[in-house]
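Under the UniProt record's numbering, the sequence shown has 380 at position 380, and the numbering climbs by one with no breaks.
In what follows, a structure is listed as structure tokens, so that the remarks can point back to it.
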Amino acid sequence: MLNKNKLFTQREVNVIPDVSKALSWLEAHPDALKGIGRGIERESLRVKPDGHLATTGHPESLGSALKHDWITTDFAETLMEFITPVDQSIDRSLAFLRDIHRHVARELGEERLWPFSMPGYIDDVDSIELAQYGSSNIGKMKTLYRQGLKNRYSALMQIISGVHYNFSLPLSFWQEWADVKDLESGKETISAGYLRLIRNYYRFGWVIPYLFGASPAICSSFLQGREESKLPFETDGKGTLWLPHATSLRLSDLGYTNKSQSGLGITFNSLEGYVAALKAAIKTPSEEYAAMGTKDADGNWLQLNTNVLQIENELYAPIRPKRVTRSGEAPSDALLRGGIEYIEVRSLDINPFSAIGVDANQARFLDLFLIWCTLADAPEMSADELLCTRKNWNRVVMEGRKPGQVIAVGCSETEHTLVEVGKALFADLRRVAEVLDSNHGNTQYQQVCDQLVASFDDPELTYSARILHAIKENGLTGAGVALAEQYRHLLCEESLEILTEDDFSRQARESLQAQEQLEQSDTLDFESYLAGREG
1 MLNKNKLFTQ REVNVIPDVS KALSWLEAHP DALKGIGRGI ERESLRVKPD GHLATTGHPE
61 SLGSALKHDW ITTDFAETLM EFITPVDQSI DRSLAFLRDI HRHVARELGE ERLWPFSMPG
121 YIDDVDSIEL AQYGSSNIGK MKTLYRQGLK NRYSALMQII SGVHYNFSLP LSFWQEWADV
181 KDLESGKETI SAGYLRLIRN YYRFGWVIPY LFGASPAICS SFLQGREESK LPFETDGKGT
241 LWLPHATSLR LSDLGYTNKS QSGLGITFNS LEGYVAALKA AIKTPSEEYA AMGTKDADGN
301 WLQLNTNVLQ IENELYAPIR PKRVTRSGEA PSDALLRGGI EYIEVRSLDI NPFSAIGVDA
361 NQARFLDLFL IWCTLADAPE MSADELLCTR KNWNRVVMEG RKPGQVIAVG CSETEHTLVE
421 VGKALFADLR RVAEVLDSNH GNTQYQQVCD QLVASFDDPE LTYSARILHA IKENGLTGAG
481 VALAEQYRHL LCEESLEILT EDDFSRQARE SLQAQEQLEQ SDTLDFESYL AGREG
């Protein structure tokens with residue numbers, strides 16, 4: 001009886017928004033959720049058999065990293081990125097992603113794909129080669145942008161890997177939910193809906209690293225004398241450091257974040273306001289980066305420019321509003337032109353329990369959570385409240401499994417236990433799961449809810465707790481090497497499901513031809529090209 005009263009009290013004190021009316025509407029309109037679009041991007045370091053970073057260039061047999069649709073590089077030559085096209089089937093998206101992994105595993109020879117978000121042993125950070133995209137102006141600009149990232153934030157931060165989940169609701173949802181007629185006339189309404197999703201994601205998205213964070217440990221070589229080494233790490237004395245209750249050091253200040261961007265005043269209350277703040281950041285000079293300059297004494301480029309952001313993609317955020325850009329179009333201009341088309345979730349660590357770094361349970365959970373974020377009321381957020389939400393995220397990524405861990409409500413001093421908030425959220429998610437399952441004729445979404453909600457009563461079920469056991473036993477590098485070899489063998493033995501070797505050969509050949517044509521068509525020298533972009 002006590003537990004029931006406690007659950008009732010949660011609603012009374014608004015642990016989470018009251019979504020009961022919206023959920024009732026959803027249950028009456030299940031068809032509105034048919035046709036959800038998804039795309040997956042998985043990053044992974046190429047490593048040698050001993051787990052050290054590969055020193056070879058991006059394999060030419062895979063094609064052009066600049067022009068390939070599915071296989072590219074991120075910050076470094078050794079940091080690969082695999083991209084699936086938009087699809088309405090989770091299983092098909094994951095099979096496509098697995099085909100990419102199967103093909104790449106066979107092309108890499110003795111190299112492997114690193115199974116963790118945080119890198120293993122780093123011999124020499126200065127030896128990390130920036131991603132190379134050929135001699136075209138756009139190719140050279142992409143490499144120079146990465147040079148700027150290296151000089152601003154260090155190469156160590158940039159070789160951290162993650163998974164991005166791209167998600168869009170079907171037009172039928174917006175037609176039923178918001179009385180939208182079509183995409184063009186309804187773009188403002190749809191954009192407002194996605195911004196509502198984003199605000200709720202900032203408030204409650206910490207649930208993602210709680211459940212799926214898988215970077216509770218780092219190799220001591222990652223610190224390289226940084227101040228964060230003052231954190232109360234435990235160690236095996238052999239180069240592995242961990243925080244006992246951490247979930248995702250990747251998402252902490254130790255990992256893939258940028259403290260200097262917290263003062264940009266970027267909010268998600270209106271698309272115009274978001275774009276205006278983003279555009280201001282790429283036009284605002286930075287004293288720190290101006291002191292660095294754009295070139296060194298020998299005339300070598302150091303960064304694209306000395307502004308707070310070199311380009312819009314430099315903004316580090318756990319979620320982004322997106323629209324597919326036209327040729328030469330800035331992401332923010334695409335948003336203003338057509339509104340928000342989809343959102344990009346950027347808070348997933350590499351799943352070390354999957355050969356492809358992500359699995360169907362995670363995708364289904366994200367569907368449920370993102371739909372809930374769209375339905376739930378989301379009052380406007382000031383820049384200050386946005387910073388307040390960061391405190392909750394930091395609690396979860398640094399010590400989310402700590403017994404009795406609490407979560408704040410907004411910027412108030414009101415706090416509730418993470419367990420209370422998590423269970424209240426899952427009570428709603430299960431109703432969304434029933435709707436999605438009714439559309440698919442199975443119970444897969446409900447099974448995901450039942451499986452994951454248990455992690456609140458038993459934190460040992462979380463990804464971070466499970467992988468930490470393996471890391472403590474074998475060390476970070478030892479555990480990573482074992483998984484990398486296991487997955488390499490598994491993927492090399494599997495047959496392709498959706499794509500064919502001819503598809504990969506054609507994509508490689510056509511991407512190399514497209515890069516060559518681009519290089520031959522340039523008419524400006526690089527400095528003039530950059531000046532034209534800045535203008």
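All C-beta atoms, glycine included, are put in the ideal place defined by N, C-alpha and C.
In whole angstroms, what separates the C-alpha of residue i from that of residue j?
{"i": "Glu385", "j": "Ala408", "result": "11 Å"}
{"i": "Ile266", "j": "Ile467", "result": "35 Å"}
{"i": "Ser64", "j": "Asn269", "result": "39 Å"}
{"i": "Pro331", "j": "Pro321", "result": "9 Å"}
{"i": "Ala433", "j": "Gln446", "result": "5 Å"}
{"i": "Ser455", "j": "Met398", "result": "17 Å"}
{"i": "Val358", "j": "Val163", "result": "7 Å"}
{"i": "Tyr529", "j": "Leu315", "result": "23 Å"}
{"i": "Gln175", "j": "Leu387", "result": "34 Å"}
{"i": "Thr325", "j": "Arg337", "result": "10 Å"}
{"i": "Glu272", "j": "Glu501", "result": "45 Å"}
{"i": "Pro49", "j": "Gly404", "result": "41 Å"}
{"i": "Gln486", "j": "Asn200", "result": "38 Å"}
{"i": "Leu66", "j": "Tyr133", "result": "5 Å"}
For my contact list, residue i and residue j are in at a C-beta cut-off of 8 Å; report their separation, rounded to the angstrom.
{"i": "Leu421", "j": "Thr247", "result": "Here residue 421 turns out to be Val, not Leu, going by the sequence shown. About 15 Å; that fails the 8 Å criterion."}
{"i": "Gly35", "j": "Ser185", "result": "The pair is not a contact, with the Cβ atoms about 19 Å apart (cut-off 8 Å)."}
{"i": "Gln507", "j": "His101", "result": "Wrong, their Cβ atoms sit about 15 Å apart, outside the cutoff."}
{"i": "Gln362", "j": "Gln147", "result": "Rounded, the Cβ-Cβ distance is 34 Å, inconsistent with contact."}
{"i": "Thr306", "j": "Ser327", "result": "Incorrect: roughly 27 Å between the Cβ atoms, too far for contact."}
{"i": "Leu479", "j": "Ala470", "result": "A quick correction: the sequence has Ala, not Leu, at residue 479. Going by Cβ atoms, the distance from Ala479 to Ala470 rounds to 5 Å, so yes, they are a contact pair."}
{"i": "Glu188", "j": "Gly339", "result": "7 Å"}
{"i": "Gly139", "j": "Gln88", "result": "Contact flag wrong, Cβ pair sits at about 34 Å."}
Please state whether the Cβ-Cβ distance between residue i and residue j is less than 7 Å.
{"i": "Gly120", "j": "Gly205", "result": "no"}
{"i": "Leu335", "j": "Val275", "result": "yes"}
{"i": "Gln449", "j": "Arg431", "result": "The question names Gln, but residue 449 in the sequence shown is Cys. Cβ distance not < 7 Å, so Cys449 and Arg431 don't count as in contact."}
{"i": "Ile93", "j": "Ile208", "result": "For clarity, residue 93 is Ser in the given sequence; the question names Ile instead. No, these two residues do not count as a Cβ contact at 7 Å."}
{"i": "Leu108", "j": "Ile159", "result": "no"}
{"i": "Ala76", "j": "Ala131", "result": "yes"}
{"i": "Pro59", "j": "Ala214", "result": "no"}
{"i": "Tyr505", "j": "Pro216", "result": "Before going further, note that residue 505 is Ser rather than Tyr in the sequence given. Result no, Cβ atoms of Ser505 and Pro216 do not sit closer than 7 Å."}
{"i": "Glu129", "j": "Ala54", "result": "no"}
{"i": "Ala424", "j": "Ile16", "result": "yes"}
{"i": "Ser220", "j": "Gly239", "result": "yes"}
For residue i, which three-state DSSP category applies?
{"i": "Cys449", "result": "helix"}
{"i": "Asn3", "result": "At Asn3 the pLDDT is 41, less than 50, meaning the model places this residue with poor confidence; the figure from the coordinates comes in the next sentence. Asn3 falls in the helix class under three-state DSSP."}
{"i": "Asn166", "result": "strand"}
{"i": "Pro331", "result": "helix"}
{"i": "Ser127", "result": "helix"}
{"i": "Thr143", "result": "helix"}
{"i": "Asp99", "result": "helix"}
{"i": "Leu436", "result": "helix"}
{"i": "residue 545", "result": "Since the first residue of the chain shown is 1 and the last is 535, residue 545 is not available in this structure."}
{"i": "Glu415", "result": "strand"}
{"i": "Leu113", "result": "strand"}
{"i": "Asp253", "result": "coil"}
{"i": "Asp457", "result": "helix"}
Which whole runs of the alpha helix (DSSP H) in the segment 5–85 are 4 residues long or more, in chain order?
20–28
In the segment 460–525, which residue ranges form an unbroken alpha helix (DSSP H) of at least 4 residues, counting only runs that do not cross its ends?
463–474, 476–493 and 501–521
Sequence ranges, beta strand (DSSP E) only - wholly within the segment 178–249, length at least 3:
217–219 and 240–242
Going residue by residue through the segment 355–403, where are the continuous alpha helix (DSSP H) segments of at least 4 residues, counting only ones entirely within it?
360–375 and 383–399
Where are the alpha helix (DSSP H) runs, 4 residues long or more, that stay fully inside the segment 282–348, in chain order?
287–292 and 331–338
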